[in-house]
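Trainee:
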Amino acid sequence: MSVNLPPAKILSIDDEYMLRRTLVAYLEDSGFTMVEAENGKLGLEVFRKEKPDLVLTDIQMPEMTGIEVLKQIAKESPQTPVVVISGAGGMNDVIEALRYGAWDYLTKPITDMAVLEHTVTKCLERARLIAENMAYREELEKTNQALKTSLGILEEDQDAGRSVQLRLLPEAHLTLGNFLFQHRMVPSLYLSGDFVDYFAINDDKYGFYLADVSGHGASSAFITILLKGLISQLLSYFQAFQDTTVMEPEKVLARLSHEIYASKLGKYLTMVYGVLDNKTRQLVYSIGGHYPNPILVEGGKARFVEGKGFPVGIMPAAVYQAHTLSLTGNNQLVIFSDGVMEILTQTNTDEKEKRLLELVQSGDGSVEYFTKTLKLDEKISRPDDLTCLSLRPQAASNT
82 MSVNLPPAKI
92 LSIDDEYMLR
102 RTLVAYLEDS
112 GFTMVEAENG
122 KLGLEVFRKE
132 KPDLVLTDIQ
142 MPEMTGIEVL
152 KQIAKESPQT
162 PVVVISGAGG
172 MNDVIEALRY
182 GAWDYLTKPI
192 TDMAVLEHTV
202 TKCLERARLI
212 AENMAYREEL
222 EKTNQALKTS
232 LGILEEDQDA
242 GRSVQLRLLP
252 EAHLTLGNFL
262 FQHRMVPSLY
272 LSGDFVDYFA
282 INDDKYGFYL
292 ADVSGHGASS
302 AFITILLKGL
312 ISQLLSYFQA
322 FQDTTVMEPE
332 KVLARLSHEI
342 YASKLGKYLT
352 MVYGVLDNKT
362 RQLVYSIGGH
372 YPNPILVEGG
382 KARFVEGKGF
392 PVGIMPAAVY
402 QAHTLSLTGN
412 NQLVIFSDGV
422 MEILTQTNTD
432 EKEKRLLELV
442 QSGDGSVEYF
452 TKTLKLDEKI
462 SRPDDLTCLS
472 LRPQAASNT
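Mind the numbering: the sequence shown is residues 82 to 480 in our numbering, read in order.
Given below as structure tokens:
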């Protein structure tokens, strides 16, 4: 969150002048903006005019009690924290105040002002978290509404559905900083359950992912639209609030797993998500049940990178691991969806993995090479969607 927020404004309502002035002076010295009122009736007027972030109110006051003030504030602005101050022996008043929505309480005499500041800070932090959660829910609702519109298009017309899905994809060849991103996606049906994307997070970091939704066809394509929306939401949170989740692959997969599981659409996906630092050439990535693992070409030799994890969306609280590798010199990274294993002709998994490494090692890392070698342009029936994502330093590119 931004560190340039204005200081919180606090309203102190108390008919005891010396106590009120003491609280106001102490909290002003602590960096808060203070406004005050000498009774409950005036306090409500000040509250409506100043719209403070927190209210401190005595309970026993003339004209209008603190309980009445609390009830009115809870009615007009339930998100505003109210801390009540009770005289000694007034626990019945405190219990009543808590029942009507007080966030906390203090008892007179307040001998330790640090306790006051701690209570105020704690309530303000709780209010901030609640406000952020409400904003998150509102943003998610907007995203869900947009997704429902897109899903409606898919359900109405397969042609329009494919158009929507294709518009969500990045350019087939895109240079970001010093790196060239390429992809090729070949659906087994008209709509694909595979999805790929790459994008700039800021001037120095780029995010990318390849996802493979369980099954294929329209129902799986629906999930790819949901996935795109959720990732875009994380990116917007970084740009608006400096929320760094989108830069932390293990947190991204955990968030996606929770959201997709909660959507109750009966689908899950396997996924590789990575963040590349353009300055250091360091790649941080996480794997969520994806097979085969990404292939790194390093020193002319191809190998599967380390990493494993639960499929995304199969459980609400999955935990993922982050891994790091360098993409310097002529190092290249190639990621396939599992559809590639279906078209290799070898008889068992070990032989198919060996053949895939040989294929990557002998090529130049370009999508054109994989398209030609795997005959991806042939218009034939395929058992599964097949997607290839290639990432390599520009110096290694001949395009």
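Built from N, CA and C at the ideal position, the CB exists for glycine as well. The structure displayed is predicted, hence computed values, not measured ones.
Please state whether DSSP places residue 326 in a helix, a strand or coil.
Mentor: Here residue 326 sits in helix by DSSP.
Trainee: Between the segment 359-371 and the segment 308-319, are three or more C-beta pairs nearer than 8 Å?
Mentor: Flag = no, the segment 359-371 and the segment 308-319 do not touch.
Trainee: Rounded to the nearest angstrom, how far is the Cβ of residue 107 from that of residue 194, given a contact under 8 Å?
Mentor: Right, their Cβ atoms sit about 5 Å apart.
Trainee: Which same chain residues, not among the five before or five after residue 336, have their C-beta less than 8 Å away from its C-beta?
Mentor: Same-chain partners within the cutoff: 311, 315, 326.
Trainee: Measure the Cβ-Cβ separation of residue 342 and residue 394 and say whether it is below 8 Å.
Mentor: Yes, Cβ-Cβ distance for residue 342 and residue 394 is below 8 Å.
Trainee: Give the C-beta separation of residue 139 and residue 94 to the nearest angstrom, bearing in mind that I take them to be a contact with Cβ-Cβ under 8 Å.
Mentor: Contact flag correct, Cβ pair sits at about 6 Å.
Trainee: Looking only at its chain, what residues have a beta carbon closer than 6 Å to the beta carbon of residue 89, apart from the 5 residues adjacent to it on each side?
Mentor: So the qualifying residues of the chain are 113, 134, 205.
Trainee: Let me know the secondary structure DSSP gives residue 288 once reduced to three states.
Mentor: Three-state result, residue 288: strand.
Trainee: Between the Cα of residue 136 and those of 177, 117, 349, 471, spot the shortest distance and give me the residue it belongs to.
Mentor: Nearest option by C-alpha distance: 117.
Trainee: Do you know offhand how far residue 451's Cα is from residue 444's?
Mentor: One C-alpha to the other measures close to 8 Å.
Trainee: Taking buried to mean at least 16 other C-beta atoms within 10 Å of its own C-beta, is residue 190 buried or exposed?
Mentor: Looking at its Cβ environment, which holds fewer than 16 other Cβ atoms inside 10 Å, residue 190 is exposed.
Trainee: Is residue 440 closer than 8 Å to residue 408 when the C-beta atoms are compared?
Mentor: No, the Cβ-Cβ distance between residue 408 and residue 440 is not below 8 Å.
Trainee: Just the Cα atoms here: how many angstroms apart are residue 302 and residue 424?
Mentor: Distance between the alpha carbons of residue 302 and residue 424 is about 22 Å.
Trainee: Let me know the beta strand (DSSP E) ranges lying completely inside the segment 313-361, each 3 residues or longer, listed in chain order.
Mentor: Counting whole runs of 3 or more residues, the segment 313-361 contains the beta strand (DSSP E) stretches 350-358.
Trainee: I'd like to confirm the pairing. Which residues does DSSP put opposite residue 482 in its beta bridges?
Mentor: Residue 482 cannot be examined here, being either before or after the span of the chain that is shown, 82 to 480.
Trainee: Considering only the alpha carbon of each residue, which of 413, 99, 402, 374 lies closest to residue 419?
Mentor: Out of 413, 99, 402, 374, 374 has the C-alpha closest to the C-alpha of residue 419.
Trainee: Look at residue 401 and residue 334 and say whether their C-beta atoms are less than 8 Å apart.
Mentor: Taking 8 Å as the Cβ cut-off, residue 401 and residue 334 qualify as a contacting pair.
Trainee: Can you check whether the CB of residue 378 is closer than 8 Å to the CB of residue 475?
Mentor: In this structure, residue 378 does not lie closer than 8 Å to residue 475 by Cβ.
Trainee: Jot down the residue ranges of each uninterrupted alpha helix (DSSP H) in the segment 146-202, minimum 4 residues, whole runs only, in chain order.
Mentor: As far as the segment 146-202 is concerned, its whole alpha helix (DSSP H) runs of at least 4 residues are 147-157, 172-180.
Trainee: What does the Cβ neighbour count give for residue 396, buried or exposed, with the cut at 16 atoms within 10 Å?
Mentor: The residue is exposed, with fewer than 16 neighbouring Cβ atoms inside 10 Å.
Trainee: Taking all protein chains shown into account, do 16 or more other C-beta atoms lie within 10 angstroms of the C-beta of residue 159, making it buried, or fewer, making it exposed?
Mentor: Counting Cβ neighbours within 10 Å, residue 159 comes out exposed, since fewer than 16 surround it.
Trainee: Rounded to whole angstroms, what's the CA-CA distance from residue 455 to residue 399? Just pull it up for me.
Mentor: Cα to Cα, the separation comes out at about 34 Å.
Trainee: In angstroms with no decimal places, state the Cα-to-Cα distance between residue 412 and residue 473.
Mentor: Distance between the alpha carbons of residue 412 and residue 473 is about 7 Å.
Trainee: With C-beta atoms as the reference, is residue 483 less than 8 Å away from residue 146?
Mentor: What the structure shows of the chain is the stretch from 82 to 480, and residue 483 is not part of that stretch, so it cannot be assessed.
Trainee: For residue 455, which of helix, strand or coil comes out of DSSP?
Mentor: Residue state, collapsed to three classes: coil.
Trainee: With respect to 7 Å, is the separation between the Cβ of residue 314 and the closest non-hydrogen atom of the ligand COA below this value?
Mentor: With respect to the ligand COA, the structure shown offers nothing to examine, as it has no ligands at all.
Trainee: Taking the beta carbon of residue 156 as the centre, do at least 16 other beta carbons fall within 10 Å, making it buried, or is it exposed?
Mentor: So residue 156 counts as exposed.
Trainee: At the level of alpha carbons, what is the spacing between residue 354 and residue 288?
Mentor: Looking at the two C-alpha atoms, the distance is approximately 7 Å.
Trainee: So for residue 389, helix, strand or coil by DSSP?
Mentor: Here residue 389 sits in coil by DSSP.
Trainee: What does the alpha-carbon distance come out to for the pair residue 417 and residue 468?
Mentor: Between residue 417 and residue 468, the C-alpha separation is close to 6 Å.
Trainee: What is the DSSP secondary structure of residue 138, reduced to helix, strand or coil?
Mentor: The answer is strand: DSSP assigns residue 138 an E or B state.
Trainee: Check whether the Cβ atoms of residue 201 and residue 186 sit closer than 8 Å, and answer yes or no.
Mentor: No, the pair does not count as a contact, with Cβ atoms beyond the cut-off.
Trainee: Can you tell me which of 253, 306, 129, 131 puts its alpha carbon nearest to the alpha carbon of residue 449?
Mentor: The option with the nearest alpha carbon to residue 449 is 253.
Trainee: Residues in the same chain with beta-carbon distance under 6 Å from residue 415, minus the five sequence neighbours each way, listed in chain order, please.
Mentor: 376, 441, 471, listed in sequence order.
Trainee: Bridge partners of residue 267, per DSSP?
Mentor: 467, per the DSSP bridge assignment.
Trainee: From residue 257 to residue 281, what distance separates their C-alpha atoms?
Mentor: Straight-line Cα distance between these residues: approximately 7 Å.
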